[in-house]
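See structure below.
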Amino acid sequence: MDHSFRAFVEQLKADNDLVEINDEIDPYLEAAAITRLACETDDKAPLFNNLKGQNDKGLWRMLGAPASLRRSKQDRYGRLARHLALPPTASMREIMDKMLSASELPPIAPRIVADGPAKENSLIGDEIDLTRLPLLPDGTWTNWSISRAMVHDRNHLVGQIVKPQHIWQIHDMWKKEGKDVPWTLCFGVPPAALMALSMPIPEGVNEADYVGAVTGRPLELVKCDINDLYVPASTEIVFEGTISITELADEGPYGEMHGYIFPGVKRKWPVYTVNKITYRNNPILPLSATGRLTDETYTLTGTLAAAEIRKICEKAGLPITDAFCTFQSMATWVALKVDTLKLSQLKWTPKEFQKKVGDAVFHEKAGLITYRLILVGEDIDIYEDKDVMWAFSTRCRPYDDETFFYDVRGFPLIPYMGYGTGSPT
1 MDHSFRAFVE QLKADNDLVE INDEIDPYLE AAAITRLACE TDDKAPLFNN
51 LKGQNDKGLW RMLGAPASLR RSKQDRYGRL ARHLALPPTA SMREIMDKML
101 SASELPPIAP RIVADGPAKE NSLIGDEIDL TRLPLLPDGT WTNWSISRAM
151 VHDRNHLVGQ IVKPQHIWQI HDMWKKEGKD VPWTLCFGVP PAALMALSMP
201 IPEGVNEADY VGAVTGRPLE LVKCDINDLY VPASTEIVFE GTISITELAD
251 EGPYGEMHGY IFPGVKRKWP VYTVNKITYR NNPILPLSAT GRLTDETYTL
301 TGTLAAAEIR KICEKAGLPI TDAFCTFQSM ATWVALKVDT LKLSQLKWTP
351 KEFQKKVGDA VFHEKAGLIT YRLILVGEDI DIYEDKDVMW AFSTRCRPYD
401 DETFFYDVRG FPLIPYMGYG TGSPT
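Be aware that the sequence shown starts at 1, since it is given in UniProt numbering, and climbs by one per residue.
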């Protein structure tokens, strides 16, 4: 089976979950507005085939809402399921089980190929103009991750590098060596690769090996032209360059994942230099318009975090049978289903149990975006936000049934943390 992003788009079309827009669309705000509407109404993924000013020099086709929800309850998580080559009717539990299976299956090393679709076209030097992209300019270990970056000028981006994320760890390693970080940015990778980015695999392990474990076949990689890095050969668009260890520039303001923008707020982050761009014929640029429910920042970030938290609880020997990051909480709450029989046998007090769960989760990377863990019994469907909210509202006594953790790192992108009166972390 072809696991490329292009094959994924064709699968959405076969599922009747794609609408092709051939009318001319302005990439400045209009495409994002249409995508945002699709996210908020759980509509079909829009494929923009005719963007204003489109050519082969840096403005390409775009697919909006590639991992958002579907309207039908029967295949609500169909786009996520298709990322992992599962049937569109797969439940969220089945999707998470598939993701977690990567850490238990033997890794399948990628296969290096001499060439691939990602090399069909290229831009270099003065041909590169990032300002043509549909982005708002204000607005020993190879690690793959999902990161955000803002266009700074024709060939530079500015991107967040936040401790303790893996990209921060790698940036710090190169900083100690006194060398800029070799870097690539890939758009339109095999969907299973996106899911592998936050799977609970050991630090220092290449995610490409685990993409093979999930798909059951080696992932084909091709060497970059400038860096000694390898990218999926079927990638739609590839940027190559370096991340500066010394130069900083303004990033922001940005419409954050929780639905807020703070005009005038800028922060200094490292500068990314783009030295070369390669891309497929007639490439497709994935587009996520972040904001209120429901877009990729919840379906991907929240789901991946919940899957890892379930694994953390299992390893800690806690009586937790399932975990899910509730979308209505903007992916800041995780509901944990408790094996009440096993819990009763452990003879822990409620406070002891809460402390053990919090200590296990909040000190891990997956717990960074999580601000509330909600413990519920077997009668609650943790995949139904209304059930979790009902249980929390009617069974949890403020303070008496809660345990607070003060010695853990906060998530500065949450508005009340990054823009409130206290410390942002």
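Ideal placement from N, C-alpha and C gives every residue a C-beta, glycine not left out.
Next on the checklist: Going by DSSP in three states, V189 sits in which element: helix, strand or coil?
Outcome noted: It is coil, neither helix nor strand.
Checklist entry - Considering only C-alpha positions, which residue in the set K337, T294 and C224 is nearest to P182? => result When each option's Cα is compared against that of P182, the closest is C224.
Item to check | C-alpha gap between I21 and A31, whole angstroms | outcome: Taken atom to atom, the span from the alpha-carbon of I21 to that of A31 is near 10 angstroms.
Checklist entry - Does the beta-carbon of N282 have 16 or more other beta-carbons within 10 angstroms, so that it is buried, or is it exposed? => result Under the 10 Å beta carbon count, N282 is surrounded by fewer than 16 other beta carbons and is classified as exposed.
Checklist entry - Is the stretch 291–305 in contact with the stretch 364–376, if contact means three or more CB pairs nearer than 8 angstroms? => result Verdict: yes, contact present.
Checklist entry - Does the distance from the C-beta atom of H83 to that of A102 stay below 9 angstroms? => result Taking C-beta atoms as the reference points, H83 and A102 fail to come closer than 9 angstroms.
Item to check | DSSP state of G418 mapped onto helix, strand, coil | outcome: The answer is helix: DSSP assigns G418 an H, G or I state.
Next on the checklist: Does any residue of chain B have a CB that is nearer than 9 angstroms to the CB of L51?
Outcome noted: Given the protein chain composition of this structure (a single chain), no chain B is represented.
Next on the checklist: Please classify E120 as buried or exposed, where buried requires at least 16 other C-beta atoms within 10 Å of its C-beta.
Outcome noted: Classified as exposed, E120 has fewer than 16 neighbouring CB atoms from the shown chains inside 10 Å of its CB.
Next on the checklist: Classify G418: buried if its beta carbon has 16 or more other beta carbons within 10 angstroms, exposed otherwise.
Outcome noted: By the neighbour-count rule (16 or more Cβ atoms within 10 Å), G418 is buried.
Checklist entry - What residue does the alpha helix (DSSP H) around P117 start on, and which one ends it? => result It is not in any alpha helix (DSSP H) - P117 carries neither H nor E in the DSSP assignment.
Next on the checklist: Excluding the 5 residues flanking N155 on each side, which residues of the same chain have their C-beta closer than 7 angstroms to its C-beta?
Outcome noted: Closer than 7 angstroms at Cβ, skipping near neighbours: I128, L130, T273 and V274.
Item to check | Given residue 435 as reference, the closest of E247, D407 and T89 once Cα atoms are compared | outcome: Absent from the structure is residue 435, since the part of the chain shown begins at 1 and ends at 425.
Item to check | Where the alpha helix (DSSP H) through P350 begins and ends | outcome: It spans P350 to F362 - the alpha helix (DSSP H) in which P350 sits, taken as one unbroken run.
Item to check | Own chain residues within Cβ distance below 6 angstroms of S122, not counting five before or after | outcome: Closer than 6 angstroms at Cβ, skipping near neighbours: T278.
Checklist entry - To which residues does DSSP link C325 through a beta bridge? => result In the DSSP assignment, C325 forms a beta bridge with V334.
Next on the checklist: So, for T321: in the same chain, excluding its five sequence neighbours on each side, which residues have a beta-carbon less than 7 angstroms away from its beta-carbon?
Outcome noted: Only K337 and D339 meet the Cβ criterion.
Checklist entry - Roughly how many whole angstroms lie between the Cα atoms of K355 and D381? => result Spanning the two alpha carbons is a distance of roughly 23 angstroms.
Checklist entry - Which whole-angstrom value describes the C-beta separation of Y210 and P350, a residue pair presumed to lie in contact below a C-beta threshold of 8 angstroms? => result Not quite, the Cβ-Cβ distance comes to about 37 angstroms (not below 8 angstroms), so this is no contact.
Next on the checklist: Taking its Cβ as the centre, do 16 or more other Cβ atoms sit within 10 Å of G216, making it buried, or is it exposed?
Outcome noted: Flag for G216 reads exposed.
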